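*Asks:*
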Amino acid sequence: MYCFASAFCIIATSLEAIKIWTTILYVGMATSAPLGLLFIMQYLGFKLSKKNLIGILVIPAISIVLVATNDIHHLHHRIFEIDPVLGAPYIHQEIGLWYIIHGIFTFSSMLVAFLLVLTHWKEATKSYRPQLIALMCGQLIPIITAFVYLLGLTPKGMDPVPMVLWASSLLYLWSIHSSRLFRVMPVAKDAIFHSINDGVIVLDESFRLIEFNQACNKMMPSLTRSMFGMDFAKVWLEVTGQSIPFTWESVVKAQEFELELTNCKYQVRITALQHVNHGSGLLLIFTDITEVKNIQKMLEKQAYYDELTQIYNRRAFFQQCNQAYVEAKGTSSSFTVVLMDIDHFKHVNDTYGHAVGDQVLVHVVKACQDELKHGELFARYGGEEFVLALRGCTSVEGEALANKLCQSVELEPLKTTEGIITTTISCGVAEGTNGEDTLYQLLNKADKALYSPKQAGRNRVHVYRDYEKAKIYNH
(Lines of atoms letter the chains of each structure in order from A and count residues from 1; the text may use other names and numbers.)
(Lines give C-alpha, C1' and ligand atoms only; values in the text may rest on other atoms or scores of the structure.)
Protein backbone atom coordinates (compact mmCIF):
# COMPACT_ATOMS: atom_id res chain seq x y z
CA MET A 1 0.00 0.00 0.00
CA TYR A 2 2.88 2.35 0.83
CA CYS A 3 4.50 1.74 -2.53
CA PHE A 4 1.33 1.99 -4.62
CA ALA A 5 0.11 5.13 -2.84
CA SER A 6 3.55 6.71 -3.38
CA ALA A 7 3.21 6.00 -7.08
CA PHE A 8 -0.18 7.76 -7.23
CA CYS A 9 1.23 10.71 -5.28
CA ILE A 10 3.84 11.12 -8.01
CA ILE A 11 1.22 11.35 -10.77
CA ALA A 12 -1.20 13.54 -8.79
CA THR A 13 -1.71 17.07 -10.17
CA SER A 14 -3.49 18.81 -7.28
CA LEU A 15 -2.80 19.39 -3.60
CA GLU A 16 -6.08 17.74 -2.57
CA ALA A 17 -5.25 14.59 -4.54
CA ILE A 18 -1.77 14.50 -3.04
CA LYS A 19 -3.23 14.81 0.49
CA ILE A 20 -5.66 11.96 -0.15
CA TRP A 21 -2.91 9.68 -1.48
CA THR A 22 -0.60 10.73 1.37
CA THR A 23 -3.23 9.62 3.87
CA ILE A 24 -3.53 6.27 2.09
CA LEU A 25 0.26 6.11 1.91
CA TYR A 26 0.49 6.49 5.69
CA VAL A 27 -1.85 3.56 6.23
CA GLY A 28 0.94 1.43 4.80
CA MET A 29 3.94 3.45 5.95
CA ALA A 30 2.85 3.91 9.57
CA THR A 31 2.10 0.22 10.00
CA SER A 32 4.93 -1.32 7.96
CA ALA A 33 7.62 -1.00 10.66
CA PRO A 34 5.55 -2.32 13.62
CA LEU A 35 4.06 -5.07 11.45
CA GLY A 36 7.59 -6.02 10.40
CA LEU A 37 8.53 -6.18 14.08
CA LEU A 38 5.51 -8.37 14.85
CA PHE A 39 6.36 -10.57 11.85
CA ILE A 40 9.88 -11.19 13.14
CA MET A 41 8.70 -11.73 16.71
CA GLN A 42 6.24 -14.32 15.41
CA TYR A 43 9.02 -15.93 13.35
CA LEU A 44 11.27 -16.12 16.40
CA GLY A 45 8.55 -17.64 18.56
CA PHE A 46 7.74 -14.67 20.82
CA LYS A 47 4.26 -14.56 22.32
CA LEU A 48 2.50 -11.22 22.78
CA SER A 49 -0.62 -10.53 24.79
CA LYS A 50 -3.47 -8.59 23.23
CA LYS A 51 -2.56 -5.65 25.45
CA ASN A 52 1.01 -5.54 24.13
CA LEU A 53 -0.18 -6.02 20.56
CA ILE A 54 -2.55 -3.07 20.84
CA GLY A 55 0.20 -1.03 22.49
CA ILE A 56 2.50 -1.53 19.48
CA LEU A 57 -0.21 -0.47 17.03
CA VAL A 58 -1.44 2.61 18.95
CA ILE A 59 1.14 5.06 17.55
CA PRO A 60 0.60 3.97 13.90
CA ALA A 61 -3.15 4.38 14.34
CA ILE A 62 -2.69 7.88 15.82
CA SER A 63 -0.32 8.78 12.97
CA ILE A 64 -2.88 7.80 10.31
CA VAL A 65 -5.60 9.86 12.01
CA LEU A 66 -3.32 12.90 12.43
CA VAL A 67 -2.20 12.78 8.78
CA ALA A 68 -5.82 12.61 7.61
CA THR A 69 -6.77 15.61 9.81
CA ASN A 70 -3.51 17.55 9.53
CA ASP A 71 -5.25 20.66 8.10
CA ILE A 72 -7.01 21.10 11.45
CA HIS A 73 -4.08 20.84 13.91
CA HIS A 74 -0.86 20.72 11.83
CA LEU A 75 0.74 18.34 14.36
CA HIS A 76 2.21 16.08 11.72
CA HIS A 77 3.17 18.64 9.07
CA ARG A 78 3.44 22.28 10.06
CA ILE A 79 3.47 23.16 6.36
CA PHE A 80 2.28 20.90 3.56
CA GLU A 81 1.92 22.64 0.17
CA ILE A 82 2.91 22.28 -3.47
CA ASP A 83 6.51 23.35 -4.05
CA PRO A 84 6.35 26.92 -5.45
CA VAL A 85 9.40 26.29 -7.66
CA LEU A 86 9.00 22.71 -8.88
CA GLY A 87 5.20 22.56 -8.82
CA ALA A 88 3.04 19.44 -8.50
CA PRO A 89 3.60 16.70 -7.53
CA TYR A 90 6.58 18.06 -5.55
CA ILE A 91 5.69 19.09 -2.01
CA HIS A 92 7.24 21.66 0.27
CA GLN A 93 6.79 20.47 3.84
CA GLU A 94 7.94 21.29 7.34
CA ILE A 95 7.65 18.55 9.92
CA GLY A 96 5.59 18.87 13.08
CA LEU A 97 5.92 17.39 16.56
CA TRP A 98 4.08 14.17 15.79
CA TYR A 99 6.21 13.58 12.69
CA ILE A 100 9.25 13.38 15.00
CA ILE A 101 7.45 11.04 17.42
CA HIS A 102 6.30 8.83 14.57
CA GLY A 103 9.79 8.78 13.05
CA ILE A 104 11.42 7.75 16.34
CA PHE A 105 8.85 4.98 16.77
CA THR A 106 9.35 3.73 13.21
CA PHE A 107 13.14 3.63 13.45
CA SER A 108 12.96 2.01 16.88
CA SER A 109 10.64 -0.72 15.58
CA MET A 110 12.98 -1.54 12.69
CA LEU A 111 16.05 -1.44 14.93
CA VAL A 112 14.49 -3.72 17.56
CA ALA A 113 13.44 -6.17 14.84
CA PHE A 114 16.98 -6.16 13.44
CA LEU A 115 18.53 -6.74 16.88
CA LEU A 116 16.09 -9.56 17.68
CA VAL A 117 17.15 -11.41 14.55
CA LEU A 118 20.79 -10.71 15.33
CA THR A 119 20.52 -12.12 18.87
CA HIS A 120 19.11 -15.39 17.50
CA TRP A 121 21.99 -15.82 15.07
CA LYS A 122 24.00 -18.22 17.25
CA GLU A 123 20.95 -20.28 18.16
CA ALA A 124 19.93 -20.85 14.53
CA THR A 125 21.26 -23.86 12.67
CA LYS A 126 23.21 -23.30 9.47
CA SER A 127 20.25 -24.24 7.28
CA TYR A 128 18.19 -21.31 8.63
CA ARG A 129 20.87 -18.63 8.69
CA PRO A 130 20.23 -17.47 5.09
CA GLN A 131 16.64 -16.70 6.10
CA LEU A 132 17.88 -14.71 9.10
CA ILE A 133 20.26 -12.77 6.86
CA ALA A 134 17.33 -11.95 4.57
CA LEU A 135 15.24 -10.76 7.52
CA MET A 136 18.08 -8.58 8.83
CA CYS A 137 18.61 -7.05 5.39
CA GLY A 138 14.86 -6.49 5.11
CA GLN A 139 15.08 -4.28 8.19
CA LEU A 140 18.46 -2.70 7.55
CA ILE A 141 17.84 -1.51 3.98
CA PRO A 142 14.84 0.77 4.85
CA ILE A 143 16.69 2.14 7.91
CA ILE A 144 19.73 3.19 5.85
CA THR A 145 17.59 4.55 3.01
CA ALA A 146 15.43 6.60 5.38
CA PHE A 147 18.54 8.12 7.00
CA VAL A 148 19.92 9.04 3.59
CA TYR A 149 16.58 10.69 2.75
CA LEU A 150 16.40 12.62 6.04
CA LEU A 151 19.97 13.86 5.57
CA GLY A 152 18.94 15.39 2.25
CA LEU A 153 21.28 13.24 0.17
CA THR A 154 18.57 12.23 -2.31
CA PRO A 155 17.18 14.37 -5.15
CA LYS A 156 14.76 17.00 -3.86
CA GLY A 157 11.19 15.82 -3.67
CA MET A 158 12.04 12.15 -4.16
CA ASP A 159 11.42 9.64 -1.35
CA PRO A 160 13.48 6.49 -2.08
CA VAL A 161 12.03 4.44 0.79
CA PRO A 162 9.01 3.08 -1.16
CA MET A 163 11.38 1.86 -3.87
CA VAL A 164 13.64 -0.08 -1.50
CA LEU A 165 10.64 -1.53 0.31
CA TRP A 166 10.09 -3.65 -2.79
CA ALA A 167 13.46 -5.26 -2.05
CA SER A 168 12.54 -5.76 1.61
CA SER A 169 9.23 -7.33 0.64
CA LEU A 170 10.99 -9.72 -1.75
CA LEU A 171 13.42 -10.73 1.01
CA TYR A 172 10.51 -11.44 3.37
CA LEU A 173 8.71 -13.48 0.72
CA TRP A 174 11.85 -15.47 0.02
CA SER A 175 12.31 -16.17 3.76
CA ILE A 176 8.73 -17.39 4.05
CA HIS A 177 8.95 -19.59 0.97
CA SER A 178 12.42 -21.05 1.53
CA SER A 179 11.85 -21.93 5.19
CA ARG A 180 8.13 -22.83 4.86
CA LEU A 181 7.59 -20.39 7.68
CA PHE A 182 3.88 -20.86 8.25
CA ARG A 183 3.98 -24.60 7.80
CA VAL A 184 7.21 -25.65 9.46
CA MET A 185 8.00 -22.68 11.71
CA PRO A 186 11.77 -23.25 11.79
CA VAL A 187 12.44 -20.92 14.69
CA ALA A 188 9.42 -22.36 16.48
CA LYS A 189 11.46 -25.55 16.47
CA ASP A 190 14.01 -23.65 18.52
CA ALA A 191 11.21 -22.59 20.87
CA ILE A 192 10.17 -26.22 21.28
CA PHE A 193 13.81 -27.25 21.64
CA HIS A 194 14.30 -24.81 24.51
CA SER A 195 10.92 -25.38 26.18
CA ILE A 196 10.95 -29.17 26.58
CA ASN A 197 11.71 -30.52 30.04
CA ASP A 198 14.33 -32.98 28.84
CA GLY A 199 17.88 -31.71 28.49
CA VAL A 200 19.25 -32.04 24.96
CA ILE A 201 22.86 -31.84 23.75
CA VAL A 202 23.76 -31.91 20.05
CA LEU A 203 27.20 -32.99 18.83
CA ASP A 204 28.59 -32.74 15.32
CA GLU A 205 30.27 -35.51 13.33
CA SER A 206 33.56 -34.81 15.14
CA PHE A 207 31.81 -35.13 18.54
CA ARG A 208 32.16 -31.44 19.27
CA LEU A 209 29.48 -29.54 21.17
CA ILE A 210 27.30 -27.48 18.82
CA GLU A 211 24.05 -26.94 20.76
CA PHE A 212 22.20 -27.52 24.02
CA ASN A 213 18.81 -26.37 25.29
CA GLN A 214 17.79 -24.39 28.37
CA ALA A 215 16.69 -27.49 30.31
CA CYS A 216 20.16 -28.97 29.87
CA ASN A 217 21.71 -25.73 31.09
CA LYS A 218 19.60 -25.93 34.27
CA MET A 219 20.77 -29.50 34.82
CA MET A 220 24.41 -28.51 34.25
CA PRO A 221 24.82 -24.79 35.08
CA SER A 222 28.52 -24.83 34.21
CA LEU A 223 27.67 -25.73 30.61
CA THR A 224 28.04 -22.49 28.62
CA ARG A 225 27.92 -21.41 24.99
CA SER A 226 31.60 -20.56 25.15
CA MET A 227 32.14 -24.33 24.99
CA PHE A 228 30.68 -24.55 21.48
CA GLY A 229 33.19 -26.23 19.19
CA MET A 230 35.02 -27.99 22.06
CA ASP A 231 35.55 -31.74 22.07
CA PHE A 232 32.68 -33.22 24.09
CA ALA A 233 34.97 -35.45 26.17
CA LYS A 234 36.68 -32.29 27.44
CA VAL A 235 33.33 -30.53 27.97
CA TRP A 236 31.95 -33.50 29.92
CA LEU A 237 35.02 -33.68 32.14
CA GLU A 238 34.84 -29.94 32.84
CA VAL A 239 31.10 -29.96 33.56
CA THR A 240 30.75 -33.21 35.55
CA GLY A 241 34.27 -33.92 36.75
CA GLN A 242 33.91 -37.41 35.24
CA SER A 243 35.07 -39.07 32.05
CA ILE A 244 32.33 -39.75 29.51
CA PRO A 245 30.52 -43.02 30.41
CA PHE A 246 30.55 -44.36 26.84
CA THR A 247 32.91 -44.79 23.92
CA TRP A 248 32.47 -43.20 20.52
CA GLU A 249 32.76 -46.60 18.87
CA SER A 250 29.74 -47.84 20.84
CA VAL A 251 27.30 -45.11 19.84
CA VAL A 252 26.51 -46.39 16.37
CA LYS A 253 23.43 -47.88 18.00
CA ALA A 254 21.19 -46.07 20.47
CA GLN A 255 22.29 -46.38 24.11
CA GLU A 256 20.74 -45.70 27.48
CA PHE A 257 22.40 -45.33 30.86
CA GLU A 258 21.73 -43.66 34.19
CA LEU A 259 23.77 -40.78 35.52
CA GLU A 260 23.85 -38.93 38.85
CA LEU A 261 24.74 -35.23 38.92
CA THR A 262 24.36 -32.86 41.89
CA ASN A 263 22.11 -35.30 43.79
CA CYS A 264 19.84 -35.72 40.77
CA LYS A 265 19.46 -38.88 38.72
CA TYR A 266 19.13 -38.77 34.94
CA GLN A 267 18.40 -41.30 32.25
CA VAL A 268 20.61 -40.49 29.28
CA ARG A 269 19.64 -41.64 25.79
CA ILE A 270 22.24 -41.39 23.04
CA THR A 271 20.97 -41.43 19.48
CA ALA A 272 23.03 -41.27 16.32
CA LEU A 273 21.67 -38.61 13.96
CA GLN A 274 21.25 -40.59 10.75
CA HIS A 275 24.57 -42.45 10.54
CA VAL A 276 27.53 -41.52 12.66
CA ASN A 277 29.85 -43.07 10.07
CA HIS A 278 28.45 -40.63 7.51
CA GLY A 279 29.26 -37.63 9.67
CA SER A 280 25.91 -36.58 11.06
CA GLY A 281 26.56 -36.33 14.78
CA LEU A 282 24.87 -37.36 18.01
CA LEU A 283 21.87 -36.41 20.10
CA LEU A 284 22.08 -36.80 23.90
CA ILE A 285 18.76 -36.56 25.75
CA PHE A 286 18.76 -36.19 29.56
CA THR A 287 15.53 -37.12 31.40
CA ASP A 288 15.30 -36.28 35.10
CA ILE A 289 14.26 -39.51 36.84
CA THR A 290 15.08 -38.35 40.38
CA GLU A 291 11.46 -38.38 41.50
CA VAL A 292 10.81 -41.73 39.83
CA LYS A 293 13.83 -43.25 41.55
CA ASN A 294 12.79 -41.78 44.90
CA ILE A 295 9.30 -43.25 44.49
CA GLN A 296 10.80 -46.61 43.50
CA LYS A 297 13.05 -46.49 46.54
CA MET A 298 10.11 -45.62 48.79
CA LEU A 299 7.96 -48.42 47.34
CA GLU A 300 10.84 -50.86 47.67
CA LYS A 301 11.27 -49.86 51.29
CA GLN A 302 7.56 -50.31 51.93
CA ALA A 303 7.62 -53.70 50.21
CA TYR A 304 10.77 -55.09 51.84
CA TYR A 305 11.22 -53.28 55.15
CA ASP A 306 9.21 -53.47 58.34
CA GLU A 307 7.70 -50.04 58.90
CA LEU A 308 8.14 -50.08 62.68
CA THR A 309 11.59 -51.58 63.18
CA GLN A 310 13.13 -50.58 59.80
CA ILE A 311 14.65 -54.03 59.24
CA TYR A 312 13.74 -56.57 56.55
CA ASN A 313 10.21 -57.98 56.67
CA ARG A 314 9.27 -61.64 56.16
CA ARG A 315 8.94 -61.29 52.37
CA ALA A 316 12.34 -59.68 51.96
CA PHE A 317 13.92 -62.27 54.25
CA PHE A 318 12.76 -65.18 52.13
CA GLN A 319 13.69 -63.41 48.91
CA GLN A 320 17.22 -62.66 50.15
CA CYS A 321 17.76 -65.85 52.14
CA ASN A 322 16.55 -68.46 49.64
CA GLN A 323 19.29 -67.66 47.16
CA ALA A 324 21.95 -67.47 49.87
CA TYR A 325 20.87 -70.86 51.25
CA VAL A 326 20.96 -72.52 47.83
CA GLU A 327 24.44 -71.10 47.19
CA ALA A 328 25.66 -72.28 50.60
CA LYS A 329 24.39 -75.81 49.91
CA GLY A 330 26.07 -75.73 46.51
CA THR A 331 29.43 -74.91 48.05
CA SER A 332 28.89 -77.14 51.12
CA SER A 333 29.15 -74.07 53.36
CA SER A 334 27.62 -73.90 56.79
CA PHE A 335 24.28 -72.13 57.09
CA THR A 336 22.51 -71.46 60.38
CA VAL A 337 19.27 -69.71 61.24
CA VAL A 338 18.21 -68.28 64.60
CA LEU A 339 14.56 -67.68 65.47
CA MET A 340 14.00 -65.20 68.30
CA ASP A 341 10.86 -64.52 70.29
CA ILE A 342 10.30 -61.73 72.84
CA ASP A 343 9.32 -63.28 76.17
CA HIS A 344 5.96 -62.32 77.71
CA PHE A 345 5.28 -59.79 74.94
CA LYS A 346 1.51 -60.23 75.24
CA HIS A 347 1.79 -59.30 78.91
CA VAL A 348 3.62 -56.08 77.93
CA ASN A 349 0.86 -55.15 75.49
CA ASP A 350 -1.89 -55.96 77.99
CA THR A 351 -0.19 -54.10 80.84
CA TYR A 352 1.30 -51.03 79.18
CA GLY A 353 -0.58 -50.80 75.89
CA HIS A 354 0.38 -51.36 72.26
CA ALA A 355 2.33 -48.08 72.00
CA VAL A 356 4.77 -49.30 74.65
CA GLY A 357 4.74 -52.71 72.98
CA ASP A 358 5.95 -51.04 69.78
CA GLN A 359 8.74 -49.37 71.77
CA VAL A 360 9.78 -52.77 73.08
CA LEU A 361 9.99 -54.18 69.55
CA VAL A 362 12.19 -51.29 68.40
CA HIS A 363 14.31 -51.55 71.54
CA VAL A 364 14.96 -55.28 71.05
CA VAL A 365 15.94 -54.74 67.41
CA LYS A 366 18.36 -51.98 68.40
CA ALA A 367 19.93 -54.14 71.11
CA CYS A 368 20.41 -57.02 68.66
CA GLN A 369 21.81 -54.79 65.92
CA ASP A 370 24.47 -53.52 68.32
CA GLU A 371 25.83 -57.09 68.52
CA LEU A 372 25.56 -57.91 64.82
CA LYS A 373 28.06 -57.32 62.06
CA HIS A 374 27.11 -56.26 58.54
CA GLY A 375 26.99 -59.72 56.99
CA GLU A 376 24.00 -61.17 58.86
CA LEU A 377 20.48 -61.17 57.47
CA PHE A 378 18.18 -59.87 60.22
CA ALA A 379 14.42 -59.60 59.72
CA ARG A 380 11.12 -59.37 61.52
CA TYR A 381 9.52 -62.77 61.08
CA GLY A 382 6.09 -61.81 62.36
CA GLY A 383 4.57 -60.24 65.48
CA GLU A 384 7.21 -60.41 68.23
CA GLU A 385 9.33 -62.97 66.35
CA PHE A 386 12.59 -62.19 64.55
CA VAL A 387 14.88 -64.30 62.38
CA LEU A 388 18.61 -64.22 61.78
CA ALA A 389 20.37 -66.01 58.88
CA LEU A 390 24.09 -66.73 59.28
CA ARG A 391 25.86 -67.91 56.15
CA GLY A 392 29.18 -69.62 56.82
CA CYS A 393 28.35 -70.16 60.51
CA THR A 394 27.87 -73.47 62.29
CA SER A 395 25.23 -74.11 64.92
CA VAL A 396 27.91 -73.69 67.60
CA GLU A 397 28.74 -70.20 66.30
CA GLY A 398 25.05 -69.43 65.92
CA GLU A 399 24.44 -70.58 69.48
CA ALA A 400 27.21 -68.32 70.79
CA LEU A 401 25.82 -65.32 68.92
CA ALA A 402 22.28 -66.06 70.14
CA ASN A 403 23.56 -66.10 73.73
CA LYS A 404 25.19 -62.70 73.19
CA LEU A 405 21.90 -61.36 71.84
CA CYS A 406 19.97 -62.68 74.83
CA GLN A 407 22.45 -61.09 77.20
CA SER A 408 22.43 -57.76 75.33
CA VAL A 409 18.64 -57.50 75.42
CA GLU A 410 18.44 -58.46 79.10
CA LEU A 411 21.13 -56.01 80.20
CA GLU A 412 19.55 -53.06 78.39
CA PRO A 413 16.15 -52.38 79.99
CA LEU A 414 13.77 -50.04 78.21
CA LYS A 415 13.00 -46.70 79.85
CA THR A 416 9.44 -45.55 79.16
CA THR A 417 6.95 -43.09 80.61
CA GLU A 418 5.34 -46.12 82.25
CA GLY A 419 8.60 -47.04 83.98
CA ILE A 420 11.59 -49.28 83.29
CA ILE A 421 10.76 -52.51 81.45
CA THR A 422 13.22 -55.39 81.44
CA THR A 423 12.89 -57.52 78.34
CA THR A 424 14.26 -60.95 77.49
CA ILE A 425 14.22 -63.13 74.40
CA SER A 426 14.29 -66.85 73.69
CA CYS A 427 16.11 -68.32 70.69
CA GLY A 428 15.94 -71.47 68.59
CA VAL A 429 19.01 -72.36 66.51
CA ALA A 430 19.20 -74.78 63.59
CA GLU A 431 22.00 -75.55 61.14
CA GLY A 432 21.42 -76.76 57.61
CA THR A 433 22.72 -80.22 56.78
CA ASN A 434 23.12 -82.12 53.57
CA GLY A 435 19.72 -83.60 54.17
CA GLU A 436 17.94 -80.23 54.23
CA ASP A 437 16.01 -79.63 51.03
CA THR A 438 14.55 -76.19 51.59
CA LEU A 439 14.92 -73.10 53.72
CA TYR A 440 11.41 -73.71 55.08
CA GLN A 441 12.50 -77.06 56.53
CA LEU A 442 15.46 -75.41 58.24
CA LEU A 443 13.25 -72.69 59.71
CA ASN A 444 10.81 -75.36 60.87
CA LYS A 445 13.61 -77.01 62.86
CA ALA A 446 14.58 -73.66 64.41
CA ASP A 447 10.92 -73.16 65.30
CA LYS A 448 10.79 -76.54 67.02
CA ALA A 449 14.00 -75.67 68.87
CA LEU A 450 12.29 -72.53 70.16
CA TYR A 451 9.68 -74.57 72.04
CA SER A 452 12.14 -75.80 74.67
CA PRO A 453 13.23 -72.36 75.99
CA LYS A 454 9.59 -71.35 76.28
CA GLN A 455 8.81 -74.46 78.31
CA ALA A 456 11.98 -74.16 80.42
CA GLY A 457 11.34 -70.64 81.67
CA ARG A 458 12.39 -68.50 78.72
CA ASN A 459 15.48 -66.29 78.27
CA ARG A 460 17.31 -69.29 76.88
CA VAL A 461 18.90 -70.61 73.68
CA HIS A 462 18.05 -74.04 72.30
CA VAL A 463 19.99 -75.73 69.47
CA TYR A 464 18.16 -78.25 67.31
CA ARG A 465 20.04 -81.53 66.94
CA ASP A 466 18.88 -84.51 64.93
CA TYR A 467 20.65 -87.24 66.90
CA GLU A 468 20.85 -85.96 70.45
CA LYS A 469 18.65 -84.20 72.93
CA ALA A 470 18.59 -80.42 72.97
CA LYS A 471 20.70 -78.58 75.47
CA ILE A 472 19.18 -75.79 77.42
CA TYR A 473 21.35 -72.87 78.39
CA ASN A 474 20.30 -70.68 81.29
CA HIS A 475 21.30 -67.04 81.77
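Counting in the working numbering, the sequence shown runs from 94 upward without gaps. We put the beta carbon where it would ideally sit given N, CA and C, even for glycine. Quick caveat, the model's predicted, so the values are computed rather than measured.
How far does the beta strand (DSSP E) with K358 in it reach, from first residue to last?
*Replies:* The count along the sequence shown starts at 1 and reaches residue 358 at position 265. K358 -> beta strand (DSSP E) spans C357 to A365.
*Asks:* Would the region 403-418 count as touching the region 470-483 if we require 3 or more Cβ pairs under 8 Å?
*Replies:* Contact holds: three or more Cβ-Cβ distances are below 8 Å.
*Asks:* Nearest-angstrom Cα distance between L225 and Y242?
*Replies:* Here residue 225 is taken as the residue at index 132 of the sequence shown, counted from 1. Here residue 242 is taken as the residue at index 149 of the sequence shown, counted from 1. Their Cα atoms are separated by approximately 26 Å.
*Asks:* Following the continuous alpha helix (DSSP H) through S125, name the residue where it begins and the one where it ends.
*Replies:* One-based indexing of the sequence shown puts residue 125 at position 32. It spans L108 to Y136 - the alpha helix (DSSP H) in which S125 sits, taken as one unbroken run.
*Asks:* With distance defined between alpha-carbon atoms, name the residue in F286, F300 and S319 nearest to N306.
*Replies:* Along the sequence shown, read from residue 1 onward, the residue named residue 306 stands at position 213. For the residues F286, F300 and S319, the minimum Cα distance to N306 belongs to F286.
*Asks:* Is the region 497-507 touching the region 454-468 in the sense that three or more CB pairs, one from each, lie closer than 8 Å?
*Replies:* yes
*Asks:* Where does the unbroken beta strand (DSSP E) through T380 begin, and where does it stop?
*Replies:* Locating residue 380 in the sequence shown gives position 287, where the first residue counts as 1. Counting along the chain, the beta strand (DSSP E) containing T380 begins and ends at L375 to D381.
*Asks:* With the cut-off set at 9 Å, would you say V293 and I303 are in Cβ contact?
*Replies:* Here residue 293 refers to the residue found at position 200 when the sequence shown is read from its first residue. Here residue 303 refers to the residue found at position 210 when the sequence shown is read from its first residue. In terms of Cβ geometry, V293 and I303 do not form a close pair [threshold 9 Å].
*Asks:* In this structure, does DSSP put L481 in helix, strand or coil?
*Replies:* Indexing the sequence shown from 1 puts residue 481 at position 388. DSSP places L481 in strand when its eight states are reduced to three.
*Asks:* DSSP three-state call for S202: helix, strand or coil?
*Replies:* Position 109 of the sequence shown, counted from the first residue, corresponds to residue 202. Helix at S202.
*Asks:* From this set, Q135, L137, L128 and H167, which residue's C-alpha is nearest I149's C-alpha?
*Replies:* Mapped onto the sequence shown, residue 149 falls at position 56. Comparing Cα-Cα distances from I149 to each of Q135, L137, L128 and H167, the minimum goes to L128.
*Asks:* Give me, in chain order, the residues of the same chain whose beta-carbon lies closer than 7 Å to that of V455; leave out the 5 immediate sequence neighbours on both sides.
*Replies:* On the sequence shown, residue 455 is found 362 positions in, with the first residue counted as 1. Apart from the 5 residues on each side of it in sequence, V455 sits with its Cβ closer than 7 Å to the Cβ of L401 and T402 in its chain, given in chain order.
*Asks:* Hey, how far is the Cα of T516 from the Cα of A493?
*Replies:* Here the question's residue 516 lines up with position 423 in the sequence shown. Here the question's residue 493 lines up with position 400 in the sequence shown. Approximately 19 Å, taken between the alpha carbons.
*Asks:* So, at 7 Å on beta carbons, what are the nonlocal neighbours of R551 in its own chain, with the 5 sequence-adjacent residues on each side left out?
*Replies:* Position 458 of the sequence shown, counting from 1, holds the residue named residue 551. D436, T517 and S519.
*Asks:* Give the straight-line distance between the Cα atoms of I388 and M229, rounded to the nearest whole angstrom.
*Replies:* Locating residue 388 in the sequence shown gives position 295, counting from the first residue. Locating residue 229 in the sequence shown gives position 136, counting from the first residue. For I388 and M229, the distance between alpha carbons rounds to 51 Å.
*Asks:* If you pair each beta-carbon of the region 161-170 with each one of the region 187-195, do three or more pairs fall below 8 Å?
*Replies:* yes
*Asks:* Can you give me the Cβ contacts of S426 inside the same chain, cut-off strictly under 7 Å, excluding the 5 residues immediately before and after it?
*Replies:* Position 333 of the sequence shown, counted from the first residue, corresponds to residue 426. Hits under 7 Å: R484 and G485.
*Asks:* Determine the contact status of I378 and I363, defining contact as a CB-CB distance below 9 Å.
*Replies:* Within the sequence shown, the letter at position 285 stands for residue 378. Within the sequence shown, the letter at position 270 stands for residue 363. Yes; because the gap between Cβ atoms is below 9 Å, this pair is in contact.
*Asks:* Quick one: what's got a C-beta closer than 6 Å to Q232's C-beta in the same chain, skipping five residues either side?
*Replies:* The residue you call residue 232 lines up with position 139 of the sequence shown. M203, A206 and F207, listed in sequence order.
*Asks:* Report the residue ranges of all beta strand (DSSP E) runs contained in full by the region 505-559; include only those spanning at least 3 residues, in chain order.
*Replies:* 507-509, 512-514, 518-524 and 554-556
*Asks:* Using 10 angstroms around the beta-carbon of S125, count the other beta-carbons present and answer buried if the total reaches 16, otherwise exposed.
*Replies:* Numbered from 1 along the sequence shown, position 32 holds the residue referred to as residue 125. Burial call: buried.
*Asks:* Assuming D324 and F339 make a contact with CB atoms under 8 Å, what is their CB distance in whole Å?
*Replies:* Translated into positions along the sequence shown, residue 324 becomes position 231. Translated into positions along the sequence shown, residue 339 becomes position 246. Actually they are not in contact, since the Cβ atoms of D324 and F339 sit about 14 Å apart, beyond 8 Å.
*Asks:* For the region 139-167, list the alpha helix (DSSP H) runs that are entirely contained and at least 4 residues long, ordered along the chain.
*Replies:* 143-161 and 163-166
*Asks:* Under 6 Å Cβ to Cβ from W329, same chain only, skipping five residues before and after it: list those, please.
*Replies:* Here the question's residue 329 lines up with position 236 in the sequence shown. Cβ within range, chain order: I337.
*Asks:* Name the two residues that bound the continuous alpha helix (DSSP H) containing Y445.
*Replies:* Translated into the one-based positions of the sequence shown, residue 445 becomes position 352. Looking at the DSSP string, the run of the alpha helix (DSSP H) that includes Y445 is F438 to Y445.
*Asks:* Starting from the C-beta of L108, find all residues in its chain whose C-beta is less than 6 Å away, skip the five residues before and the five after it, and write them out in chain order.
*Replies:* Here residue 108 corresponds to residue number 15 of the sequence shown, with the count starting at 1. Answer for L108: I175, listed in chain order.
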